[in-house]
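A short write-up of the structure that comes next.
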Amino acid sequence: MELRIFTEPQQGATYDDLLAVARCAEETGYGAFFRSDHYLKMGAVSGDPGPTDAWTTLAGLARDTRRIRLGTLMTAATFRLPGPLAITVAQVDQMSGGRVELGIGTGWYAEEHTAYGIPFPSLGERFDRLAEQLAVVTGLWATPPGERFDFAGKYYPVSDSPALPKPVQDPRPPILLGGMGPKRTPRLAARYADEFNLPFASVADSVAQFDRVRAACAEVGRDAGELCWSNALVLCCGRDDAEVARRAAAIGREPDELRENGLAGTPAEVVDKIGRYAEIGSERLYLQVLDLADLDHLELVAAEVKPQL
Numbered sequence: 001m002e003l004r005i006f007t008e009p010q011q012g013a014t015y016d017d018l019l020a021v022a023r024c025a026e027e028t029g030y031g032a033f034f035r036s037d038h039y040l041k042m043g044a045v046s047g048d049p050g051p052t053d054a055w056t057t058l059a060g061l062a063r064d065t066r067r068i069r070l071g072t073l074m075t076a077a078t079f080r081l082p083g084p085l086a087i088t089v090a091q092v093d094q095m096s097g098g099r100v101e102l103g104i105g106t107g108w109y110a111e112e113h114t115a116y117g118i119p120f121p122s123l124g125e126r127f128d129r130l131a132e133q134l135a136v137v138t139g140l141w142a143t144p145p146g147e148r149f150d151f152a153g154k155y156y157p158v159s160d161s162p163a164l165p166k167p168v169q170d171p172r173p174p175i176l177l178g179g180m181g182p183k184r185t186p187r188l189a190a191r192y193a194d195e196f197n198l199p200f201a202s203v204a205d206s207v208a209q210f211d212r213v214r215a216a217c218a219e220v221g222r223d224a225g226e227l228c229w230s231n232a233l234v235l236c237c238g239r240d241d242a243e244v245a246r247r248a249a250a251i252g253r254e255p256d257e258l259r260e261n262g263l264a265g266t267p268a269e270v271v272d273k274i275g276r277y278a279e280i281g282s283e284r285l286y287l288q289v290l291d292l293a294d295l296d297h298l299e300l301v302a303a304e305v306k307p308q309l
């Protein structure tokens, strides 16, 4: 089981805050640093000093870190055109020496779209657009050097593209898809995903959705064993109950609720719950860290949880 760090900067974080977390995660041996792609805070927090852009952040981290992998859970397809997105990700991949991963989804948070003048079509159209984005991004990256790429899309037609630049990673940076959608999500994952991720899902719900994706893979003749299976859970670990309670209070949550729905408790409790996800085939856990100033939290899990996995 690989542990990765997952942050939510729209809740209030500067680039320097994120850099401190990424460097701590790198130094303590986590597999990756991921961030959300949102432009508006959620809940009662202020969100100050305001949002940071996901791919601008990752470009900076590409130069300010050395080993840790970098990515998004999830880039909103509504925020970006597929051609420029393919260029951006390829460039950040080059800047990082081949350490980038692209998590992408339909986008779901209507209020952040209206707050920043971003069109927000219906769910069906967002899925249609995501499917075309995946076809364009992967098609551009897969086009051999010297050849041209064309795509007869309804939303994103592409004509006579030189399909440059290319990412460093061969054949491409890993693509992450995820979510609990029962039909189109599994079909898109079967066709395009290198990793399938479920955010904040129970073990039982994870089993059901993993099975849907495996069935979709079988329908298109793909070996489901080619996919990496992962989950994301909010982290609240403490050396004792008092420290768990303190960390829960810092993020406005209750310890019992976090034990039920997240990855919370003493290191022994956290290891036990990770084991339940490992038993259903999950290979990676993205630890949602909400208090970015609490670097001791990351160090505790690295020292007392990770060695037991």
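Just so you know, we're using full-length UniProt numbering here: the sequence shown kicks off at 1 and counts up by one. Positions of the beta carbon are idealized from the N, C-alpha and C atoms, including for glycine.
Check                                                                                                              : Outcome
Other residues of its chain near Gln-11: CB distance less than 6 Å, five sequence neighbours each side excluded    : Lys-41 and Val-45
N- and C-terminal bounds of the beta strand (DSSP E) containing residue 347                                        : With the chain represented from 1 up to 309, any question about residue 347 goes unanswered, as that position is not in the structure.
Strand pairing of Gln-288, partner residues [DSSP]                                                                 : Phe-6 and Val-234
Per DSSP, cross-strand counterpart(s) of Gly-178                                                                   : Asn-197
Rounded separation between Leu-81 and Glu-269 - CA only                                                            : 43 Å
Within 8 Å, strictly: CB atoms of Leu-61 and Leu-102                                                               : no
The segment 90 to 109 in contact with the segment 125 to 135 per 3-pair CB rule at 8 Å                             : yes
Alpha carbon of Cys-237 to alpha carbon of Pro-162, nearest angstrom                                               : 49 Å
Inter-residue spacing [alpha-carbon to alpha-carbon] between Asp-93 and Val-100                                    : 5 Å
Cutoff 6 Å; reference Ala-13; Cβ partners in own chain excluding five residues on either side                      : Leu-292
Glu-195 and Leu-176 closer than 8 Å at C-beta                                                                      : yes
7 Å CB neighbourhood of Ile-254 in its chain, flanking five on each side removed                                   : Rather than Ile, the amino acid found at residue 254 in this sequence is Glu. So the qualifying residues of the chain are Ala-248.
Residues that Leu-70 bridges to, as DSSP identifies them                                                           : Phe-33 and Val-100
Leu-263 - partner residues in DSSP beta bridges                                                                    : Leu-235
Where the beta strand (DSSP E) through Phe-210 begins and ends                                                     : First-last for Phe-210: 203 to 220, but that is the alpha helix (DSSP H), not the beta strand (DSSP E).
Exposed unless 16 or more other CB atoms sit within 10 angstroms - verdict on Ser-282                              : buried
Inter-residue CB distance, Leu-287 and Val-271 (contact presumed, cutoff 8 Å)                                      : Contact flag wrong, Cβ pair sits at about 13 Å.
DSSP bridge partner residues for Phe-149 (one or two, in chain order)                                              : Ser-161
Of the residues Ile-274, Cys-217, Leu-233 and Leu-188, the one placed nearest Glu-226, counting alpha carbons only : Cys-217
Nearest candidate by alpha-carbon position, reference Leu-233, set Phe-120, Asn-197, Gly-97 and Asp-53             : Asn-197
Own chain partners of Val-207 with C-beta closer than 7 Å, once the 5 adjacent residues on each side are dropped   : Ile-280
Supposed close pair Val-89, Pro-173 - CB separation, criterion 8 Å                                                 : 6 Å
Val-136 - containing alpha helix (DSSP H), residue span                                                            : 123 to 142
Burial state of Pro-157, where buried means 16 or more other Cβ atoms lie within 10 Å                              : exposed
Secondary structure of Ala-268, DSSP reduced to three states                                                       : helix
Buried versus exposed call for Thr-72 [16 or more other C-beta atoms within 10 Å across all chains shown]          : buried
Sufficient close CB pairs (3 or more, under 8 Å) joining the segment 112 to 123 to the segment 185 to 192          : no
Beta-carbon gap between Pro-51 and His-38 smaller than 8 Å                                                         : yes
Rounded distance between the beta-carbons of Thr-266 and Arg-284, thought under 8 Å                                : Rounded, the Cβ-Cβ distance is 22 Å, inconsistent with contact.
Distance CB(Leu-290)-CB(Glu-8) smaller than 8 Å                                                                    : yes
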